[in-house]
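Heads up: the sequence shown runs through residues 909 to 1223, numbered per the working numbering. Think of the CB as a built atom: it goes at the ideal place given N, C-alpha and C, for glycine as much as any other residue. Worksheet: the structure to be examined is printed underneath.
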Amino acid sequence: MTPHLDVQISGQSRDFKAVESEVFDLDQPASTPRWQQAVSAWQQPSPSSSDFRRDVTTTATPRMLQAVISAGLNDGWSGNGAAKFEEYMAQLAGTEAGVFMISSTMGNQVGIRTRLNRPPNGIICDARSHIMHMETGGLASMSGALHVTVYPRNGLYLTLEDIERHATISTGNDACTCPTRLIHLENPLGGITIPLIEMRRIKEYADHHGMKVHIDGARLWESVAAKHGSLQEFTSVAHSVNLCLSKGLGAPVGSILVGNTDFIRHARWSLLFRGHELARELVDHWLALGGGLVVPQQGNVIWLNLDAAKVDEDE
Ligand SMILES: *Cc1c(COP(=O)(O)O)cnc(C)c1O
């Protein structure tokens, strides 16, 4: 028996059954349990099966659903949940460690932020990068770094010469310049893969000058599938790599950030730190609106004093 529930949609109270019949295809025989109807929706060709404009429209396949269902339910710290998946992905990528991220945007932002210490920090990247156009300016607000954008001279991909021309090498005694700390390479970008041989040259240059290389490899699987190199070869020419699990792979969400153990430990810490920063921002807004707190905010937990604000909890 379906329990009777009132569902709030745009302030209107509606009967659960009415909402349910919109969500599920009720033309199917009434004997088909609702959950089976939901699962069978995964087996229909999705709109993306005939939409070739972008890989962002990919939806999860039944095999992906199966993987989701059979994934462990533990949290990220132990057992067979996220920790196991991270371990598996790091192994696949040939790196020491990995950390699951909700999205590639998060993977890039955390990956970049983790590399930077006290300012001044300079980042060099292709002017056409995802971080420049699609990540809501997160690079500026989260990293506080100066970004130097470069158009590749060959019209295809950045080369070591492009980077040499625009990078600022720290002399250790620079009062006015902003040394390049990170080389951010999106690979592939616009369907063009930076060849491994070029990546190797850039990585050697970076190592020589104390810079780090981060790859936004949201679509790196495509370069591997196109036989430009193995995943491990690509990860070996960077200090950290972000790999997208949605897009072509069709997971509902997610990304994995891989690198060495120290970097990943620091990245987890950056994640927590950002949570605390966000909490701080929220508290500032709340206080500015005249709100009060039950106890002071110290970490990512906020206790709003709703009584003092005369706000009902349901409100
Ligand atoms: C899609 C994409 C991202 C962001 O991925 P989300 O998971 O949607 O945040 C980052 N970098 C590149 C190159 C992408 O194509």
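Check: For ALA1005, which three-state DSSP category applies?
Finding: strand
Next item on the list: Identify whether ILE977 lies in helix, strand or coil by the three-state DSSP scheme.
Entry: helix
Check: Going by other Cβ atoms of all chains shown within 10 Å of its Cβ, with 16 needed for buried, is VAL1203 buried or exposed?
Finding: exposed
Check: Among ILE1010, THR1088, ASN1062, ARG971, which one has its Cα closest to the Cα of ALA990?
Finding: Ranking ILE1010, THR1088, ASN1062, ARG971 by CA distance to the CA of ALA990 puts ILE1010 first.
Check: Roughly how many angstroms lie between the CA atoms of ILE1172 and HIS1193, to the nearest whole one?
Finding: Whole-angstrom Cα-Cα distance: 32 Å.
Checklist line | Residues near GLY1162 by beta carbon distance below 6 Å, same chain, minus five either side | finding: Here the set comprises LEU1153.
Item checked: Selection from ILE1210, LEU1201, VAL1209 that minimises the alpha carbon distance to ALA1217 -> It is LEU1201.
Item checked: CA-to-CA distance, SER978 to ARG1182, given in whole angstroms -> 31 Å
Check: Going by other Cβ atoms of all chains shown within 10 Å of its Cβ, with 16 needed for buried, is SER1209 buried or exposed?
Finding: The amino acid at residue 1209 is misidentified as Ser; the sequence shows Val. Answer is exposed; the Cβ neighbour count stays below 16.
Next item on the list: Could you tell me whether the Cβ atoms of HIS1174 and GLY1019 are closer together than 7 Å?
Entry: no
Check: From ALA1001 to ARG1061, what distance separates their C-alpha atoms?
Finding: 30 Å
Item checked: the stretch 1143 to 1153 touching the stretch 1047 to 1065, judged by at least three CB pairs closer than 8 Å -> no
Next item on the list: Determine the direct distance from the alpha carbon of MET997 to that of HIS1136, and round the result to whole angstroms.
Entry: Cα-Cα distance, rounded: 20 Å.
Check: Quick one: any contact between the stretch 1126 to 1134 and the stretch 1082 to 1102, if contact means 3 or more CB pairs under 8 Å?
Finding: yes
Next item on the list: Using beta-carbon positions only, say whether MET1119 and THR1088 come within less than 7 Å of one another.
Entry: yes
Margin query: Can you tell me whether ASN1213 is buried or exposed? The criterion is at least 16 other CB atoms within 10 Å of its CB, across all chains shown.
Written below: Here ASN1213 is exposed, its C-beta having fewer than 16 other C-beta atoms within 10 Å.
Checklist line | Inter-residue Cα distance where the pair is GLY1006 and ASN1150 | finding: Computed Cα separation, rounded: 10 Å.
Check: According to the Cβ coordinates, are GLY1030 and CYS1086 closer than 7 Å?
Finding: Contact: yes.
Item checked: Check whether ILE1091 and ILE1039 have beta carbons under 7 Å apart -> no
Notebook entry, point to check: Are ASN1016 and ASP1124 close, meaning C-beta to C-beta below 7 Å?
Noted result: yes
Next item on the list: For SER1178, verify whether its CB is less than 6 Å away from any heavy atom of ligand 1.
Entry: no
Check: For the beta strand (DSSP E) that LEU1212 lies in, which residues bound it at each end?
Finding: Run containing LEU1212: none; DSSP gives neither H nor E here.
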